[in-house]
Amino acid sequence: MNTRKPAVRVLGATALAAAALIVSACAPQTTGDSSSDKDEKTGTLRVWLFQEVGNKPKEKVVDAVVGDFEKQHEGTKVDVEYIPVETRAQRVKAAFNDPKSAPDLMEYGNTDTAGYVKDGGLLDVTEDFAAWDEAKDTDPTARQSVTVDGKVYGAPFYVGVRALYYRTDVFEELGLEVPKTMDELATTARKIRAEKPELYGLVVGGAYTYGAMPFVWANGGELAEGKGGSYASAIDSAAARKGVKAYTSLFSDDNCPAAKCAGMGGNDTVTAFAAGKAGMAIGGDFSHAAVEAGKVKGKYAVVPLPGVKSGSVAPAFAGGNNIGVLKSTSHRTLAVQLMERLAAKDTQESMFEAMGFLPTFADVRREAAAKKPYVKPFVETLAAGTKFVPASPAWAQIDASLVLPTMFQEVISGKKDVAGASRDAAKKMDAAFGSAG
């Protein structure tokens with residue numbers, strides 16, 4: 457993510473392409489759930505969106521949506537600011553504490569939802585979402601990512617999942633079959649390392665939380681379980697421990713040496729694969745551009761990460777971003793309408809074409825896969841069923857405190873066994889859940 461100072465841009469009334477759709481459902485004319493006592497129908501709407509690496513294509517899509525919106529709403533202007541994702545926590549906290557500096561709506565990571573709701577920053581748009589025609593086609597996991605305690609606090613913007621990248625040239629040279637189970641994945645990885653010691657078999661990272669989670673879920677484990685309106689850690693259950701063991705066993709000299717791989721994160725593993733240093737890697741749909749720009753271009757393929765049983769798909773973490781309206785907005789109706797336009801099917805299709813972001817609508821994803829074959833394994837992964845992190849404000853603390861990477865690294869280093877490391881991780885998670893209420 458680019459960390460240069462984001463530019464503030466007031467966007468003009470550029471007409472949207474002819475294919476653009478009118479807002480399909482207007483927000484109810486109510487203000488009871490807003491902390492502002494106003495619902496102004498004209499004026500300036502402030503929007504915060506994330507600044508991407510290579511942000512111009514995203515800006516072009518947003519410019520078109522905004523231009524069309526301004527044309528439809530006389531007397532309304534939209535001011536869009538692109539903010540670095542790395543500094544979002546400070547910016548959002550300040551906005552929640554000072555409504556005058558806050559935007560009317562913003563893009564946010566889907567794991568941030570519960571925390572922002574607890575902080576009182578996001579507007580409850582449950583009725584609006586239900587009245588929105590396109591909402592019925594939103595996939596269940598994406599819908600879950602905007603839902604806290606049965607109420608909806610935004611609209612899904614895009615989704616991202618991970619799958620298995622592998623070197624077609626290496627597999628052909630060594631006469632290898634694409635693995636159909638997690639056991640075959642480990643065996644194949646060790647065969648590659650044995651025959652080509654200059655390569656990692658399956659490059660893995662001790663700090664790669666979202667690459668490790670499928671191993672836990674595929675073995676029947678969970679991160680946490682709902683308990684009394686809150687959550688309790690389940691990472692130390694027998695099933696979860698089996699998944700932790702399966703993942704940490706890959707950090708060995710015959711696959712990915714602990715000395716080199718224990719500290720790796722997701723970007724590190726994708727970079728290693730793109731540079732031609734690994735036979736396989738777990739990467740996202742969002743990793744496609746980086747791999748294409750690397751030394752393995754034209755020499756790799758992607759399939760869903762296999763599960764425990766032959767032919768099954770390991771549940772992937774459903775990452776992605778949402779767009780929500782802030783509770784402090786004085787333009788409730790306009791802000792909800794703009795949220796729906798930015799998250800609409802035609803906008804998500806355009807954003808996929810521009811940035812490669814996977815749509816949150818199943819029908820739009822199918823069309824995307826038909827246009828660009830590289831998307832197919834990720835769409836299949838989503839269709840097989842994905843998982844999400846606990847919808848608790850505690851997750852942000854657990855994630856920031858590196859609870860799960862610490863657990864993996866303690867096992868990898870031999871400092872603790874799986875039982876001990878997972879038990880300690882569960883205690884830290886439970887403390888976070890308890891403090892979150």
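In this text, residue positions in the sequence shown follow my numbering: the first is 457, and each later residue adds one. Ideal Cβ positions, reconstructed from N, Cα and C, are used throughout, including at glycine. Keep in mind that this is a model prediction, so the values were computed, not measured.
Could you compute how far the alpha carbon of residue i sits from the alpha carbon of residue j?
{"i": "Ala892", "j": "Tyr666", "result": "23 angstroms"}
{"i": "Leu679", "j": "Gly740", "result": "21 angstroms"}
{"i": "Arg922", "j": "Phe729", "result": "There is simply no residue 922 to check, as the chain begins at 457 and stops at 893 in what is shown."}
{"i": "Asp535", "j": "Ile738", "result": "38 angstroms"}
{"i": "Leu782", "j": "Pro559", "result": "7 angstroms"}
{"i": "Glu590", "j": "Glu805", "result": "13 angstroms"}
{"i": "Cys482", "j": "Ala856", "result": "Since pLDDT at Cys482 reaches only 36, below the 50 mark, its modelled position is unreliable, and no value is offered."}
{"i": "Val503", "j": "Gly812", "result": "22 angstroms"}
{"i": "Gly677", "j": "Lys533", "result": "49 angstroms"}
{"i": "Leu579", "j": "Lys716", "result": "45 angstroms"}
{"i": "Lys512", "j": "Ala774", "result": "26 angstroms"}
{"i": "Val626", "j": "Ala734", "result": "10 angstroms"}
{"i": "Ser480", "j": "Ala551", "result": "Because the pLDDT of Ser480 is 33, which lies under 50, any placement of that residue in the model is unreliable, and the number read from its coordinates should be weighed accordingly. Computed Cα separation, rounded: 30 angstroms."}
{"i": "Lys527", "j": "Ala718", "result": "53 angstroms"}
{"i": "Val769", "j": "Glu537", "result": "39 angstroms"}
{"i": "Val634", "j": "Lys827", "result": "25 angstroms"}
{"i": "Thr862", "j": "Ala877", "result": "8 angstroms"}
{"i": "Leu630", "j": "Gly606", "result": "51 angstroms"}
{"i": "Asp519", "j": "Lys765", "result": "47 angstroms"}
{"i": "Met736", "j": "Val509", "result": "25 angstroms"}
{"i": "Lys647", "j": "Glu809", "result": "38 angstroms"}
{"i": "Ser743", "j": "Asn723", "result": "9 angstroms"}
{"i": "Asp568", "j": "Glu651", "result": "44 angstroms"}
{"i": "Phe671", "j": "Asp493", "result": "49 angstroms"}
{"i": "Arg618", "j": "Leu641", "result": "15 angstroms"}
{"i": "Ala839", "j": "Gly565", "result": "21 angstroms"}
{"i": "Gly571", "j": "Lys801", "result": "27 angstroms"}
{"i": "Ile854", "j": "Arg879", "result": "15 angstroms"}
{"i": "Pro540", "j": "Leu632", "result": "42 angstroms"}
{"i": "Asp819", "j": "Pro653", "result": "44 angstroms"}
Over the uninterrupted alpha helix (DSSP H) stretch that includes residue i, give me the two end residues.
{"i": "Asn723", "result": "Gly722 to Ala730"}
{"i": "Gly735", "result": "That residue, Gly735, is in no alpha helix (DSSP H); its beta strand (DSSP E) goes Ala734 to Gly740."}
{"i": "Lys872", "result": "Here Lys872 belongs to no alpha helix (DSSP H), and DSSP marks it neither H nor E."}
{"i": "Val805", "result": "Strictly speaking, residue 805 in this sequence is Glu, with Val absent from that position. From DSSP, the alpha helix (DSSP H) with Glu805 extends over Lys801 to Met811."}
{"i": "Pro596", "result": "Pro596 to Gln600"}
{"i": "Pro762", "result": "Run containing Pro762: none; DSSP gives neither H nor E here."}
{"i": "Phe585", "result": "Thr582 to Ala587"}
{"i": "Glu590", "result": "Segment: none, Glu590 is in no alpha helix (DSSP H) and carries neither H nor E."}
{"i": "Thr569", "result": "Thr569 to Lys574"}
{"i": "Met819", "result": "Residue 819 is actually Asp in this sequence, not Met. Per DSSP, Asp819 belongs to the alpha helix (DSSP H) from Ala818 to Lys827."}
{"i": "Asp855", "result": "Ala850 to Ala856"}
{"i": "Ala550", "result": "Arg544 to Asn553"}
{"i": "Val747", "result": "His744 to Glu748"}
Please confirm whether residue i and residue j have their CB atoms less than 7 angstroms apart.
{"i": "Ala772", "j": "Thr837", "result": "yes"}
{"i": "Glu583", "j": "Leu505", "result": "no"}
{"i": "Gly732", "j": "Lys753", "result": "no"}
{"i": "Gly610", "j": "Gly780", "result": "yes"}
{"i": "Glu496", "j": "Ser786", "result": "yes"}
{"i": "Tyr687", "j": "Pro846", "result": "yes"}
{"i": "Phe613", "j": "Asn777", "result": "yes"}
{"i": "Val517", "j": "Lys701", "result": "no"}
{"i": "Thr816", "j": "Thr594", "result": "yes"}
{"i": "Ala882", "j": "Asp692", "result": "yes"}
{"i": "Met885", "j": "Val867", "result": "no"}
{"i": "Cys712", "j": "Val659", "result": "yes"}
{"i": "Ala663", "j": "Tyr703", "result": "no"}
{"i": "Pro555", "j": "Ser784", "result": "yes"}
{"i": "Arg797", "j": "Phe525", "result": "yes"}
{"i": "Thr624", "j": "Ala791", "result": "no"}
{"i": "Gly675", "j": "Ala690", "result": "Rather than Gly, the amino acid found at residue 675 in this sequence is Asn. Taking 7 angstroms as the Cβ cut-off, Asn675 and Ala690 do not qualify as a contacting pair."}
{"i": "Pro833", "j": "Pro760", "result": "yes"}
Which residues mark the beginning and the end of the beta strand (DSSP E) in which residue i is found?
{"i": "Gly780", "result": "Gly775 to Val781"}
{"i": "Pro612", "result": "Ala611 to Gly616"}
{"i": "Leu561", "result": "Leu561 to Gly565"}
{"i": "Tyr756", "result": "Tyr756 to Val759"}
When DSSP builds the beta bridges, which residues end up paired with residue i?
{"i": "His787", "result": "Asp495"}
{"i": "Tyr622", "result": "Met736 and Ala757"}
{"i": "Thr842", "result": "Ala772"}
{"i": "Lys607", "result": "Val604"}
{"i": "Leu814", "result": "Val615"}
{"i": "Leu578", "result": "Leu782"}
(request) Would you mind listing the beta strand (DSSP E) stretches within the region 667-719 that are 3+ residues and don't spill past its ends, in chain order? (result) 680-683 and 686-689
(request) Identify every run of the alpha helix (DSSP H) within the region 491-538, keeping only runs that are complete inside it and at least 4 residues long; order them along the chain. (result) 512-528
(request) List in chain order: all unbroken alpha helix (DSSP H) runs of 4+ residues lying wholly within the region 631-670. (result) 638-651
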